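**Q** With positions in the sequence shown counted from 1, the corresponding number in the working numbering is that position plus 11.
First, the structure itself, so that you have it in front of you.
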Amino acid sequence: MNAEGFQDTLINHCREEIQDLYYQCKHYGVFDATDFSERLDTIWTEAKINGVNELDFRRVVKSILQDHSDTIDYPFAIAA
């Protein structure tokens, strides 16, 4: 597997974990941004160790959360 394919595999793994977390943080149909933000740190830590950068991670989160992406606290500082 080449480096690009490996990176895609890592990002897809993050996507699956974030998608699962999103569903876990919907309580009675209402998204809990605080719960999501607190638990997102664990996924980010693993992703960072595996070489996923902040921009790619943020893109994955935004693609899953869409309307809710501005309501969460990312586990890293985002430059404006």
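Quick reminder that beta carbons are idealized off the backbone N, C-alpha and C, glycines included.
Please read these numbers as outputs of a predicted model, since none were measured by experiment.
1) Round the Cβ separation of I54 and C36 to the nearest angstrom and send it over; I've been treating them as touching at under 8 angstroms.
2) Of all the options Y85, T45, R50 and E57, which has the alpha carbon lying nearest to the alpha carbon of R70?
3) Quick check on this structure: which residue in L66, K59, Y33 and D19 has the alpha carbon closest to the alpha carbon of H79?
4) In chain order, which alpha helix (DSSP H) runs of at least 4 residues are fully inside the region 37–65?
5) Ordered along the chain, which non-local residues of its own chain (more than five positions away) have a Cβ less than 7 angstroms from that of S48?
**A** Put simply:
1) Rounded, the Cβ-Cβ distance is 12 angstroms, inconsistent with contact.
2) It is Y85.
3) Minimum Cα distance to H79 is reached at Y33.
4) Entirely contained in the region 37–65, the alpha helix (DSSP H) runs reaching 4 residues are, in chain order, 44–60.
5) If we look at S48 and ignore the five residues flanking it on each side, its Cβ neighbours are I83 and D84.
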